[in-house]
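Take 46 as the starting number for the sequence shown in our numbering and just add one per residue. Input: a single structure, listed below in structure tokens.
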Amino acid sequence: MIKGPFSYSGNKTRIYNAYLKPIMQKYNRVHEPFVGSGVCMYNANNGGMSTDVDPAVVAMHQALQDTALPNKMQACYDTYFKSGHNKESYNTLREAFNKDWLLNGVTSENVHQLYVLSQIAFNSLIRFSKNGFNVPFGEKPLDVKRIQQHVDLYKTKDIQVTLSHYNSIDVSKVDKSRDIIYFDPPYIASKFQYGGWTIQDEKELLQFITELDRSGYKWILSNTFYHKGEMNTPLVDWSKDHYAYLIDMSYNAWSARVTSVEREDETVRLSLQI
Ligand SMILES: C[S@@+](CC[C@H](N)C(=O)[O-])C[C@H]1O[C@@H](n2cnc3c(N)ncnc32)[C@H](O)[C@@H]1O
């Protein structure tokens, strides 16, 4: 299994080999409408079409089509970290990145800086406030090889990542017998809201999947039934019509405040209709 190109809260690295790979490896492409770091899409036999509503996430995937990205990252590191792998160097780069980000957002011109920052950042977090990237120095090493691996993947697999809502995925390009669609939405029960996923969003997604299912598409949904004493009733009811596998595990997740670590205990259920 290869990791995604960047670390991401909620990525499926921990459950990929045991639960997802045995199914996904039978398919040609794995489409990820909630791509995050895209662990399943990158590990698929022939990539997939993916979407996400987070512009930084999408820009980071799209940047992997630039074969010069690894060199740009190394050059950026050599320029900003001349005086050592330390907080001062990191903060100078972060300031330069944020100056441009405030005017233009994440662009093809500054995305290599974001890759360098996110790799070295505290817990490799990617997090923005209204003033820009705001994760403190984390002493993590630069890992250009990880990015080179993904740049190489783009040359051999059919991968597209688009900035859009999950339901804009072009299903006419999904092969009903050879491809599978993997839905990994934000969890309503989680405090990691990814822009505020609501119960209404959840119901619309379940309806969207029901329609795809009726039209004969293969899919997997991972989600949580139960979190901190709260039951996700619409999901539980809906799952009764599908195959559901229980993955009993807990996530250690970093809270929004980096000074404290909070533990999220979640039972992940995977619904499968294949
Ligand atoms: C649980 S994460 C996915 C993690 C991913 N499977 C991985 O391996 O890293 C959920 C993702 O859904 C995205 N998202 C939230 N609302 C969305 C929407 N309406 N359409 C598409 N993506 C959305 C978030 O930005 C986030 O990246």
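Cβ coordinates follow ideal geometry from the N, Cα and C atoms, glycine included.
For a quick check, are the C-beta atoms of residue i and residue j less than 8 Å apart?
i	j	result
G183	I171	no
K66	M94	no
I60	I233	no
A98	Y227	As written in the sequence, residue 98 is Val, which differs from the Ala given in the question. No, Cβ-Cβ distance for V98 and Y227 is not below 8 Å.
D224	K248	no
R259	K48	no
W283	L251	yes
D229	K57	yes
P78	I244	no
A89	V156	no
R139	F167	no
N212	F173	no
S153	A108	yes
Y125	T137	yes
Going by DSSP, what residue range makes up the alpha helix (DSSP H) through residue i?
i	result
D246	244-259
V151	No alpha helix (DSSP H) contains V151, which DSSP labels as neither H nor E.
P279	278-284
May I ask which residues mark the beginning and end of the beta strand (DSSP E) holding residue i?
i	result
L291	288-293
At a threshold of 7 Å, does residue i count as lining ligand 1 (C-beta to nearest heavy atom)?
i	result
D215	no
V219	no
N176	no
T96	yes
E77	yes
K57	yes
G81	yes
W264	no
V206	no
G92	no
W242	yes
V84	yes
G49	yes
Y211	yes
V102	yes
Y160	no
Y22	For residue 22 there is no data in the structure shown, the boundaries of the chain being 46 and 319.
D224	no
D282	no
P186	no
P231	yes
D99	yes
Can you tell me the Cβ-Cβ gap for residue i and residue j, rounded? I've got them flagged as a contact below 8 Å.
i	j	result
S209	T96	5 Å
V189	P115	5 Å
P50	H287	Not a contact, Cβ separation roughly 31 Å.
P100	V151	6 Å
G92	D220	Incorrect: roughly 13 Å between the Cβ atoms, too far for contact.
S128	S82	Going by Cβ atoms, the distance from S128 to S82 rounds to 31 Å, so no, they are not a contact pair.
V206	V80	6 Å
Q119	A141	Going by Cβ atoms, the distance from Q119 to A141 rounds to 17 Å, so no, they are not a contact pair.
Quick check for students: name the residue ranges of the alpha helix (DSSP H) that lie wholly in the segment 157-232, counting only runs of 4 or more.
189-201
In chain order, which continuous runs of the alpha helix (DSSP H) of length 4 or greater are located wholly inside the segment 69-142?
84-88, 100-107, 114-125
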